[in-house]
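*Asks:* Protein chains in written order, with the numbering used here: chain A, 19 to 155; chain B, 19 to 155; chain C, 19 to 155. Backbone N, C-alpha and C define an ideal beta-carbon position, used for all residues, glycine too. The structure displayed is predicted, hence computed values, not measured ones. Let me give you the structure first, and then I'll get to my questions.
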Amino acid sequence: MKFATEYLEFNTQKKREYINITDEVELIVRKSGIQEGMVLVSAMHITAGVYVNDAESGLIEDIDAWLETLAPYRNDYRHHRTGETNGDAHLKSLIIHHEVIVPITNGRLDLGPWQQVYYAEFDGKRRKRLVIKVMGE
Amino acid sequence: MKFATEYLEFNTQKKREYINITDEVELIVRKSGIQEGMVLVSAMHITAGVYVNDAESGLIEDIDAWLETLAPYRNDYRHHRTGETNGDAHLKSLIIHHEVIVPITNGRLDLGPWQQVYYAEFDGKRRKRLVIKVMGE
Amino acid sequence: MKFATEYLEFNTQKKREYINITDEVELIVRKSGIQEGMVLVSAMHITAGVYVNDAESGLIEDIDAWLETLAPYRNDYRHHRTGETNGDAHLKSLIIHHEVIVPITNGRLDLGPWQQVYYAEFDGKRRKRLVIKVMGE
C-alpha cells in the first residue's frame with residue numbers, strides 16, 4: 019500500500035477566489051505511482067472549501083453571487099464578537115464543504131469529462147493551506 | 019488490498035429525479051469480496067449529485083421543492099451565456115454534493131437503519147454516469 | 019493494511035446540538051496504531067450530520083440560526099404525512115452533510131489549526147449513533 023501527502027499554499031489577491039487545482043492534484047497522483055485508490059483534497063482552513071464542478075467563468079460568477087445570497091456578509095454575526103468579521107466565510111465554506119475525494123483508476127483521476135477540482139477561498143489575502151492525500155497501490 | 023470499480027448509467031425520463039441506488043452499491047461491494055474498507059459513490063457529472071437520506075416519497079418531494087427555493091431555475095444565470103440553460107442544476111448539485119463515502123464492515127455497507135444512497139439527477143433526459151470504487155481487503 | 023471501527027452514541031438534551039468530537043476521533047486513530055491513512059466519520063442517522071469547522075460558541079449559534087433560515091421548521095412538509103415532524107432536520111442534515119473524511123499523517127489527524135470535527139444533531143433527545151472507520155497502515 020502506498021501513500022503520498024502534499025500541501026498546496028494559497029495567498030489570493032481577492033477576498034473570494036475560485037482556483038482550478040485539477041492539474042496539481044493529477045500531477046501529485048502521477049508522481050505517487052498509485053494506479054488504484056483514492057485521493058482526498060481537503061482545505062485546512064474553516065473559511066475555504068474544495069468542490070468539483072465546471073471550469074466555466076460565467077458559472078463561477080453565478081456560484082459566487084449565489085453563495086452571497088445564501089450566506090451573506092453581515093455585520094451582526096455572533097462570531098464577530100471575537101473580533102473576526104468573516105462569519106459569512108464560515109457559512110459559505112459549510113455549503114461548499116471543505117473536502118472532496120476522487121477515485122483513481124489506471125493511475126488517473128477518474129473524473130467525468132467536465133469535472134474539475136476547485137479550491138474556493140472565502141477569506142483570502144492571507145496564507146492558506148490545503149492537504150492532498152493519495153492512498154492506494 | 020483489493021479494489022473494485024464499476025460504473026452505473028442513468029438516462030432519466032424527467033429533468034429531475036431521485037433514484038435509490040443502495041442495492042446496486044451493496045451488490046458491487048459483495049461481488050468485490052471486500053470485508054473491511056470504504057466505497058466511494060460519485061456522480062461523474064456537474065449537474066447531478068449523490069446523497070444519503072431516507073427512502074420516503076414525501077421527503078423526496080420536500081427535498082426537490084426545497085432545492086428549487088435555494089437554487090431556483092432562472093433565465094439570467096451568467097452560465098447561460100454559453101448556450102446552456104442549466105445553471106440551477108449546477109447550484110443544486112453543489113448543495114447536495116456529488117459524492118458520498120460509505121464504510122464497509124463485515125462485507126456490508128455500514129449504514130444506519132434508515133440511510134439509503136441516492137443518485138440525484140438535476141439535468142436529466144440524457145445519458146449520465148456514476149462511478150463506484152470499492153477499496154479495502 | 020489495518021482497520022479500526024468504532025461507534026459513538028449520542029442522546030442530546032436539546033433537539034439541536036453541536037458536539038465537538040475531535041478528541042474522540044483522535045483517540046480512536048491513536049489506538050488503531052495507523053500512521054498513514056484516512057478516517058471516515060459518518061452519522062448513521064438521516065437527521066444528523068458531521069462537519070469540520072471552528073470551535074467558537076458564537077459561530078455555532080450563527081450556524082444554528084442560519085440553518086433555521088435555510089431549512090426552517092414547518093408544519094407542512096410532505097414528509098409529515100408519515101406522522102413525523104422532523105422534515106426540517108432532514109434538510110438541515112443535507113446542507114451540513116452526514117460525513118467527513120480526515121487524512122491521517124504520522125499517526126495524527128492532519129487538520130489545520132482551527133479545524134475541529136463536529137457532530138450536528140438536528141432531531142435529538144433520542145439515541146443516535148455515529149461510525150468512525152480508520153483505514154491505513
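1) Nearest to I119 of chain B by CA position, among B:L77, B:H98, B:Q134, B:H108, is which residue?
2) List the residues of chain A whose Cβ lies closer than 9 Å to the Cβ of M56 of chain C, in chain order.
3) In or out: Y25 of chain A buried (at least 16 other Cβ within 10 Å) or exposed?
4) Does DSSP put L77 of chain B in a helix, a strand or coil?
5) Using a Cβ-Cβ cut-off of 8 Å, state whether E139 of chain B counts as contacting chain C.
6) Starting from Y95 of chain B, find everything on chain A with Cβ-Cβ shorter than 8 Å and list it in chain order.
7) How is K32 of chain C classed by DSSP in three states: helix, strand or coil?
8) Taking all protein chains shown into account, do 16 or more other C-beta atoms lie within 10 angstroms of the C-beta of A83 of chain A, making it buried, or fewer, making it exposed?
9) Is DSSP giving R166 of chain B helix, strand or coil here?
10) If you drop the 5 nearest sequence neighbours on each side, which residues of the same chain put their C-beta closer than 7 Å to that of R144 of chain C?
11) Pick from A:M19, A:G76, A:G67, A:F21: whose alpha carbon is nearest that of L148 of chain A?
12) Residues of chain C with CB under 7 Å from I113 of chain A, in chain order?
13) Can you tell me where the beta strand (DSSP E) holding E44 of chain B begins and where it ends?
14) Quick one: list the residues of chain A neighbouring T23 of chain B, beta-carbon separation under 8 Å, in chain order.
15) Is it buried or exposed for G101 of chain A, if we count other Cβ within 10 angstroms and need 16 for buried?
16) Take P153 of chain B and list the residues in its own chain whose beta-carbon comes closer than 8 Å to its own, dropping the five residues that flank it on each side.
17) For A89 of chain C, which three-state DSSP category applies?
18) Helix, strand or coil for T103 of chain C per DSSP?
19) Which residues share a DSSP beta bridge with G159 of chain B?
20) Between T40 of chain B and chain E, is the shortest Cβ-Cβ distance under 8 Å, so that the two count as touching?
21) The stretch 100-111 of chain A: which residues have C-beta closer than 9 Å to a C-beta of chain C, in chain order?
22) Between N71 of chain C and chain A, is there a C-beta pair that is closer than 8 Å?
23) Excluding sequence positions up to five away, which residues of its chain have a Cβ less than 7 Å from the Cβ of T65 of chain C?
24) Starting from I64 of chain A, follow its DSSP beta bridges and name the residues at the other end.
25) Taking 8 Å as the CB-CB cut-off, is R147 of chain A touching chain C?
26) For L45 of chain B and I150 of chain B, I'd like the C-alpha separation in whole angstroms.
27) Measuring CA to CA, which of A:D41, A:P131, A:R48, A:L85 is closest to A138 of chain A?
*Replies:* Let me lay it out:
1) Along the second sequence, read from residue 1 onward, the residue named residue 119 of chain B stands at position 101. It is B:Q134 whose Cα lies nearest to the Cα of I119 of chain B.
2) Stepping through the third sequence from its first residue, residue 56 of chain C is reached at position 38. Those within 9 Å of M56 of chain C in chain A are M56, L58, I119, K151, M153.
3) Locating residue 25 of chain A in the first sequence gives position 7, counting from the first residue. Exposed: under 16 other Cβ atoms inside 10 Å.
4) Residue numbering aside, residue 77 of chain B sits at position 59 when the second sequence is read from its first letter. In the structure shown, L77 of chain B sits in a helix (DSSP, three-state: H, G or I).
5) Mapped onto the second sequence, residue 139 of chain B falls at position 121. Taking Cβ atoms only, chain C never reaches closer than 8 Å to E139 of chain B, which makes this a no.
6) Position 77 of the second sequence, counted from the start, is the residue given in the question as residue 95 of chain B. Within chain A, the C-beta atoms nearer than 8 Å to that of Y95 of chain B come from G76, L77, D80, in chain order.
7) As a position in the third sequence, residue 32 of chain C is number 14, starting the count at 1. In the structure shown, K32 of chain C sits in coil (DSSP, three-state: anything other than H, G, I, E or B).
8) Working through the first sequence from its first residue, we reach residue 83 of chain A at position 65. Under this definition A83 of chain A is an exposed residue.
9) Chain B is shown from 19 up to 155; residue 166 of chain B falls before or after that span and cannot be answered.
10) Taking the third sequence and counting its residues from 1, the one referred to as residue 144 of chain C is at position 126. The residues are N29.
11) The residue labelled residue 148 of chain A in the question sits at position 130 within the first sequence. Among A:M19, A:G76, A:G67, A:F21, the Cα nearest to that of L148 of chain A is on A:G67.
12) Within the first sequence, numbered from 1, the residue matching residue 113 of chain A stands at position 95. Those within 7 Å of I113 of chain A in chain C are I113.
13) For the purposes of this step, residue 44 of chain B is taken as the residue at position 26 of the second sequence. First-last for E44 of chain B: 40-50, but that is the alpha helix (DSSP H), not the beta strand (DSSP E).
14) Sequence index remark: in the second sequence, residue 23 of chain B carries index 5 (1-based). For T23 of chain B, the chain A residues whose Cβ falls inside 8 Å of its Cβ are E54, P121, T123, D128, in order along the chain.
15) For the purposes of this step, residue 101 of chain A is taken as residue 83 along the first sequence, with counting starting at 1. Answer is exposed; the Cβ neighbour count stays below 16.
16) The residue given as residue 153 of chain B occupies position 135 in the second sequence. Position check: residue 153 of chain B holds Met in this sequence, whereas Pro was assumed. Taken in chain order, the residues that qualify are M19, K20, F21, I52, G55, M56, V57, L58.
17) By 1-based counting over the third sequence, the position of residue 89 of chain C is 71. Three-state DSSP puts A89 of chain C in coil, outside helix and strand.
18) On the third sequence, residue 103 of chain C is found 85 positions in, with the first residue counted as 1. Coil at T103 of chain C, not helix or strand.
19) No information on residue 159 of chain B is available, as it lies outside the stretch 19 to 155 that chain B covers here.
20) As a matter of chain content, chain E is missing from the structure shown, whose protein chains are A, B and C.
21) T100, E102, G105, H108, L109, S111
22) As a working mapping, residue 71 of chain C is identified with position 53 in the third sequence. Closer than 8 Å: yes.
23) Along the third sequence, one-based indexing puts residue 65 of chain C at 47. Answer for T65 of chain C: N104, A107, H108, S111, F140, D141, listed in chain order.
24) Counted from its first residue, the first sequence places residue 64 of chain A at position 46. For I64 of chain A, which the question treats as bridged, DSSP gives no partner whatsoever.
25) Counting from 1 along the first sequence, the entry for residue 147 of chain A is found at position 129. So yes, R147 of chain A belongs to the interface.
26) As a working mapping, residue 45 of chain B is identified with position 27 in the second sequence. As a working mapping, residue 150 of chain B is identified with position 132 in the second sequence. One C-alpha to the other measures close to 11 Å.
27) One-based indexing of the first sequence puts residue 138 of chain A at position 120. It is A:L85.
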